[in-house]
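Read the structure below first, then the notes.
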Amino acid sequence: MKRVREKVLKAGRRLAASLLARARGEKEPGSLTPRQKTGRWGEHRAELLLRSKGYRILGRRVHLSPRDELDLVARKGDVLVFVEVKTRRTEDFGRPVEAVNRAKRQAMSRAAIRYLRRLRVKPPHFRFDVVEVVGTENDPQPVIRHLENVFTLGRQYRVTW
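Numbering of the sequence shown is given in our numbering, commencing with residue 746 and proceeding in unit increments.
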């Protein structure tokens with residue numbers, strides 16, 4: 746168990762290093778669109794919530810292919826958690842989790858499989874969560890909900906170790 750934990754941490758560090766390198770080429774924070782700023786704020790709030798619940802953040806905006814991204818990768822105990830963060834200013838048009846449609850679940854599944862393959866060790870458990878953030882930076886009390894195990898890995902996805 747200790748060996749698995751060490752390998753998960755090592756893989757997380759490798760991914761963090763690659764993310765930092767990738768971040769150096771990103772746009773300056775001031776050039777983000779209002780929608781991107783809201784999304785980044787939501788991701789930050791989601792990260793704070795998860796940390797307060799005892800999760801360790803292993804990666805942020807993890808790009809494992811040109812089209813697939815994991816908003817957050819976290820760990821609590823022996824459970825590896827792939828987190829999709831959905832931020833909305835209001836719930837006038839439905840809850841944010843409703844935007845996690847079939848295409849998004851497939852993209853998250855593909856990215857998670859790539860992440861798991863890079864670990865080169867089978868994690869004891871993993872799951873897909875969604876964190877809903879409703880509000881704006883100016884809201885004193887945004888609504889933040891952590892929904893665990895929102896979907897499972899489809900049968901078409903197989904990981905071999």
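Every residue, glycine too, gets a C-beta built ideally from N, C-alpha and C. Small disclaimer: the values here were computed from a predicted structure and weren't measured.
Taking residue i as the reference, which of the options has the closest Cα?
| i | options | result |
| --- | --- | --- |
| GLY822 | ARG900, VAL895, ARG750, LEU760 | ARG750 |
| GLY757 | ARG790, LYS798, SER797, ALA857 | ALA857 |
| GLU791 | PRO811, VAL818, PHE871 | Reading off the sequence, residue 791 comes out as Ala, not Glu. Here the closest residue by C-alpha is VAL818. |
| TYR800 | PHE873, ASN894, VAL824, THR832 | VAL824 |
| GLY787 | ASN894, VAL807, ASP816 | ASP816 |
| PHE871 | GLU877, THR832, ARG820, VAL879 | ARG820 |
| ARG833 | ARG890, LEU777, LYS755 | ARG890 |
| ARG806 | VAL830, GLN851, LYS798 | VAL830 |
| VAL878 | GLY899, HIS789, LEU898 | HIS789 |
What does the alpha-carbon distance come out to for the pair residue i and residue j?
| i | j | result |
| --- | --- | --- |
| MET853 | GLU836 | 23 angstroms |
| PHE896 | VAL826 | 12 angstroms |
| ASN846 | VAL875 | 12 angstroms |
| ILE802 | VAL753 | 12 angstroms |
| GLU814 | LEU795 | 19 angstroms |
| VAL866 | PRO811 | 24 angstroms |
| LEU760 | THR881 | 29 angstroms |
| ARG748 | GLY804 | 20 angstroms |
| LEU809 | ARG855 | 9 angstroms |
| GLN851 | ARG785 | 22 angstroms |
Quick check on DSSP: helix, strand or coil for residue i?
| i | result |
| --- | --- |
| THR712 | The displayed coordinates of the chain run from 746 to 906. Any statement about residue 712 would go beyond what the structure contains. |
| GLY714 | Outside the modelled stretch of the chain, which goes from 746 to 906, sits residue 714, for which no answer is possible. |
| LYS782 | helix |
| LYS752 | helix |
| GLY804 | strand |
| GLU792 | helix |
| GLU814 | strand |
| GLU877 | strand |
| LEU898 | coil |
| LEU777 | coil |
| LEU892 | strand |
| VAL743 | Nothing about residue 743 can be read from this structure; the chain reaches only from 746 to 906. |
Please state whether the Cβ-Cβ distance between residue i and residue j is less than 8 angstroms.
| i | j | result |
| --- | --- | --- |
| LEU892 | VAL842 | yes |
Is there at least one non-hydrogen atom of the ligand PLP closer than 7 angstroms to the beta-carbon of residue i?
| i | result |
| --- | --- |
| ARG820 | Inclusion of the ligand PLP in the displayed structure is not the case, the ligand content being empty and no account of it being possible. |
Check whether the region 859-867 touches the region 879-897, taking contact to mean three or more Cβ pairs, one atom from each stretch, closer than 8 angstroms. no
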